[in-house]
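One line per chain: the protein sequences are A and B, in this order.
Using my numbering, the letters of the first sequence map in sequence onto residues 365 to 581.
Using my numbering, the letters of the second sequence map in sequence onto residues 3 to 388.
We treat Cβ as the ideally placed atom computed from N, Cα and C, and that holds for glycine.
Given the structure is predicted, the values throughout are model-derived calculations rather than measurements.
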Amino acid sequence: MAKNNPIVFLVDDDPSVLRTLPRALEYHGLTVHPFDSAKKFLESYNNQHGCLVLDLSMPEVSGLELQAELSERGITIPIIFITGHGGVTESVTAMRAGAVDFLEKPFLPEILLERISEATAKDFEIRQANDEKNTILSRFHKLTGRELEVYKLLIEGETVPSSKVIASELGISHRTVEHHRARILEKTICNSLPELRVLAKEVGFVVPNNIGNSAAE
Amino acid sequence: MVAPTSLLDEFMPHGVCYQWRPDILWLNVLSDVAIAFAYFSIPIALLYFLRKRKEVPFPGVVYMFCIFIFACGVTHVVSIWVVWNGQYGFQGMVKAFTAIASVLTAISLYPVMPKLLALRSPTELAESNASLQAEMEQRKVSETQSLKLQGDLARLGRISTVGQMATGLAHELNQPLLAISASADTAVQIAKGNASNDPLLFECLDDIQSETQRAGAIIRALRQFISNKNSARSSTDINSLVQQAARIMAGEARTADVQIEVVSGKIPTVVVDSVQIAQVLVNLIRNAVEAISEMPDTDRLKPDIVKVSTDCTDDVVSVTVSDTGPGIGPGIDPFKAFETEKADGMGVGLSISRDIITTHGGTIEVDASEEKGATFTFTLPLTEKT
Numbered sequence: 365m366a367k368n369n370p371i372v373f374l375v376d377d378d379p380s381v382l383r384t385l386p387r388a389l390e391y392h393g394l395t396v397h398p399f400d401s402a403k404k405f406l407e408s409y410n411n412q413h414g415c416l417v418l419d420l421s422m423p424e425v426s427g428l429e430l431q432a433e434l435s436e437r438g439i440t441i442p443i444i445f446i447t448g449h450g451g452v453t454e455s456v457t458a459m460r461a462g463a464v465d466f467l468e469k470p471f472l473p474e475i476l477l478e479r480i481s482e483a484t485a486k487d488f489e490i491r492q493a494n495d496e497k498n499t500i501l502s503r504f505h506k507l508t509g510r511e512l513e514v515y516k517l518l519i520e521g522e523t524v525p526s527s528k529v530i531a532s533e534l535g536i537s538h539r540t541v542e543h544h545r546a547r548i549l550e551k552t553i554c555n556s557l558p559e560l561r562v563l564a565k566e567v568g569f570v571v572p573n574n575i576g577n578s579a580a581e
Numbered sequence: 003m004v005a006p007t008s009l010l011d012e013f014m015p016h017g018v019c020y021q022w023r024p025d026i027l028w029l030n031v032l033s034d035v036a037i038a039f040a041y042f043s044i045p046i047a048l049l050y051f052l053r054k055r056k057e058v059p060f061p062g063v064v065y066m067f068c069i070f071i072f073a074c075g076v077t078h079v080v081s082i083w084v085v086w087n088g089q090y091g092f093q094g095m096v097k098a099f100t101a102i103a104s105v106l107t108a109i110s111l112y113p114v115m116p117k118l119l120a121l122r123s124p125t126e127l128a129e130s131n132a133s134l135q136a137e138m139e140q141r142k143v144s145e146t147q148s149l150k151l152q153g154d155l156a157r158l159g160r161i162s163t164v165g166q167m168a169t170g171l172a173h174e175l176n177q178p179l180l181a182i183s184a185s186a187d188t189a190v191q192i193a194k195g196n197a198s199n200d201p202l203l204f205e206c207l208d209d210i211q212s213e214t215q216r217a218g219a220i221i222r223a224l225r226q227f228i229s230n231k232n233s234a235r236s237s238t239d240i241n242s243l244v245q246q247a248a249r250i251m252a253g254e255a256r257t258a259d260v261q262i263e264v265v266s267g268k269i270p271t272v273v274v275d276s277v278q279i280a281q282v283l284v285n286l287i288r289n290a291v292e293a294i295s296e297m298p299d300t301d302r303l304k305p306d307i308v309k310v311s312t313d314c315t316d317d318v319v320s321v322t323v324s325d326t327g328p329g330i331g332p333g334i335d336p337f338k339a340f341e342t343e344k345a346d347g348m349g350v351g352l353s354i355s356r357d358i359i360t361t362h363g364g365t366i367e368v369d370a371s372e373e374k375g376a377t378f379t380f381t382l383p384l385t386e387k388t
């Protein structure tokens with residue numbers, strides 16, 4: 365994923381808007397994928413980076429309904445609503461549901477460009493944060509079975525238990541525990557056990573269910 | 003003295019009894035004269051009363067009173083006559099007639115007594131008069147209110163129609179305006195690519211852009227102006243609004259042979275613009291009545307019923323208008339402006355209704371899944387949402 369090729373997805377049922385608006389945006393160097401219905405957009409969208417410029421009132425699936433559907437699918441693409449109606453009620457609903465912006469037609473193309481760049485930047489941030497999280501999570505996933513057992517005991521309690529406690533709990537030697545502990549910190553690139561605990565919480569890493577239970581036997 | 007042979011035989015005059023003593027004689031005679039006069043005058047007064055007052059209860063009894071009192075007067079005249087003329091048989095006959103009249107009057111009085119007692123006293127009459135008057139005044143007040151509401155509705159109908167047209171126009175016009183604006187922008191980008199272009203070209207394209215935006219601003223202002231129609235909200239009993247709306251529609255419903263049935267639930271008052279909500283009600287009822295009346299006679303239930311019922315939950319008051327009409331055609335969004343199945347209609351009524359209900363923080367929806375008819379339900383929040 366690169367920051368410099370965001371895609372603007374435009375969903376509007378009006379053919380003249382669908383023809384002229386992408387043309388204008390493309391002349392400003394943007395990549396635009398136009399759709400004349402929410403359904404067609406949903407069929408083709410594959411979690412690409414960018415933003416969604418969405419007409420509020422369309423037949424069949426309205427803009428608000430598409431917004432709800434996306435949120436249900438866990439798709440976080442920022443939405444800029446455009447409307448020829450300017451309905452107060454709908455705009456409030458849309459903004460409450462997390463739309464980034466609401467523009468009344470006809471707007472200046474440069475204003476839309478501004479909002480698009482804000483929205484794509486936001487999308488980039490979200491994706492970057494997600495990527496970071498995934499990178500860290502992938503480090504946690506490198507932990508082996510025995511390491512995970514040690515890790516679980518290190519994380520679970522109010523305070524960090526000593527190697528001796530862990531050793532007796534798992535029925536292994538105290539030196540082996542210390543060895544595993546060092547490997548855990550190494551693999552997750554953490555300097556200390558407190559740092560490890562904070563990081564684990566941040567990325568929401570959960571030890572798989574089958575780990576630890578068997579060790580307690 | 004002659005032996006008696008007939009009732010009219012002459013005897014000693016009565017004056018002889020008191021040896022023609024002037025004091026006793028005149029005391030009796032003058033008293034009788036006075037009594038006779040009084041007794042003759044009373045029936046005259048009664049008859050006069052009867053004649054002037056057409057609706058006197060039990061006039062028969064009054065006539066009997068007249069005869070009896072008149073007869074009493076005559077007996078007193080005869081009393082004077084017998085002072086000088088001893089025809090006591092004649093006096094007896096007069097008395098006998100009087101006796102018959104008196105006894106009959108006395109008897110006739112008892113059967114009518116309960117009815118007489120049932121007659122209202124003048125105070126009672128005054129009281130019921132007053133309450134009648136109060137009721138009339140009350141009626142006048144509610145009539146004025148109902149007239150005012152009707153006037154308000156008519157005015158609101160016109161305003162809303164204009165508003166709806168503006169909203170519809172705004173939506174339709176804003177699309178081409180955006181297309182123009184986008185195209186002008188593209189043209190500017192293209193023109194920039196050629197340095198030899200006349201600066202006037204850029205000026206023209208700028209003008210196109212700014213005029214397009216101005217047109218958009220005008221439409222926005224128009225819509226704002228119309229949507230800001232002074233909405234006066236107050237605590238309102240929706241049940242009484244339903245009654246009013248049903249009354250307003252009663253004439254049209256009768257003409258179409260449709261019955262409007264109102265089922266008032268126990269609901270609290272809500273803070274709404276009563277004229278606007280009444281308009282929604284009238285609109286829904288009218289739609290139902292019109293839908294039914296446009297059906298072919300063979301499909302009619304006669305009488306068809308439009309049922310308006312109210313209900314509530316913890317959060318909302320709901321009103322349901324259901325009819326036995328033809329329902330809603332497939333693919334028709336009844337709330338969309340300019341979309342109608344009616345032969346003569348703009349298709350804006352329901353769209354206005356939806357606007358009104360939404361600005362009140364409520365919802366309106368239709369259920370046409372039943373085999374016959376359509377059911378519209380709108381809700382109004384119990385607590386005002388901003």
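Am I right that residue i and residue j are in contact with their C-beta atoms under 8 Å? What's the rounded C-beta distance?
i: V308(B); j: V321(B); result: Not really, about 13 Å apart at Cβ, beyond 8 Å.
i: T238(B); j: T271(B); result: 6 Å
i: Q191(B); j: H392(A); result: 7 Å
i: N176(B); j: P470(A); result: 6 Å
i: F92(B); j: F72(B); result: At roughly 17 Å, the Cβ-Cβ gap does not stay under 8 Å, so F92(B) and F72(B) are not in contact.
i: R235(B); j: V273(B); result: 5 Å
i: T552(A); j: L563(A); result: 7 Å
i: L557(A); j: V524(A); result: 5 Å
Which residue or residues does DSSP assign as beta-bridge partners of residue i?
i: L382(B); result: V319(B)
i: K2(B); result: Chain B is shown from 3 up to 388; residue 2(B) falls before or after that span and cannot be answered.
i: G88(B); result: F13(B)
i: V567(A); result: DSSP output for V567(A) lists no bridge partner at all.
i: C314(B); result: V319(B)
i: D369(B); result: T377(B)
i: D377(A); result: Partner(s): none; D377(A) has no beta bridge.
Which value, in whole angstroms, describes the spacing of the CA atoms of residue i and residue j?
i: I548(A); j: H505(A); result: 11 Å
i: V79(B); j: A98(B); result: 15 Å
i: K374(B); j: A255(B); result: 19 Å
i: V318(B); j: E511(A); result: 57 Å
i: T385(B); j: N289(B); result: 29 Å
i: A40(B); j: R141(B); result: 51 Å
i: M95(B); j: K117(B); result: 34 Å
i: L382(B); j: G364(B); result: 5 Å
i: R561(A); j: I536(A); result: 23 Å
i: P370(A); j: E566(A); result: 28 Å
i: T397(A); j: K150(B); result: According to the sequence displayed, residue 397(A) carries His and not Thr. Roughly 56 Å between the two C-alpha positions.
i: L420(A); j: G427(A); result: 4 Å
i: N410(A); j: E468(A); result: 28 Å
i: V85(B); j: L27(B); result: 8 Å
i: Q412(A); j: V282(B); result: 45 Å
i: K54(B); j: M66(B); result: 18 Å
i: W22(B); j: N30(B); result: 11 Å
i: V375(A); j: I480(A); result: 14 Å
i: P124(B); j: N131(B); result: 10 Å
i: M115(B); j: W83(B); result: 37 Å
i: M251(B); j: A136(B); result: 27 Å
i: C206(B); j: M459(A); result: 37 Å
i: V121(B); j: F60(B); result: Contrary to the premise, residue 121(B) reads as Leu rather than Val in this sequence. About 11 Å.
Decide if residue i is buried, meaning its Cβ has at least 16 other Cβ atoms within 10 Å, or exposed.
i: N574(A); result: exposed
i: S1(B); result: Beyond the ends of chain B as shown, which are 3 and 388, falls residue 1(B); an answer cannot be given.
i: S212(B); result: exposed
i: D209(B); result: exposed
i: G509(A); result: exposed
i: Q147(B); result: exposed
i: D357(B); result: buried
i: G17(B); result: buried
i: N498(A); result: exposed
i: G195(B); result: exposed
i: I441(A); result: buried
i: I439(A); result: exposed
i: D378(A); result: buried
i: F51(B); result: exposed
i: K516(A); result: buried
Note down, one range per segment and in chain order, each alpha helix (DSSP H) of at least 4 residues found wholly within the segment 390 to 445 of chain A.
-> 402 to 408, 427 to 436
Could I get the ranges of all uninterrupted alpha helix (DSSP H) runs contained in the segment 183 to 250 of chain B, with 4 residues as the minimum, in chain order?
-> 201 to 229
Complete alpha helix (DSSP H) runs within the segment 32 to 115 of chain B (minimum length 4 residues, chain order) | 61 to 86
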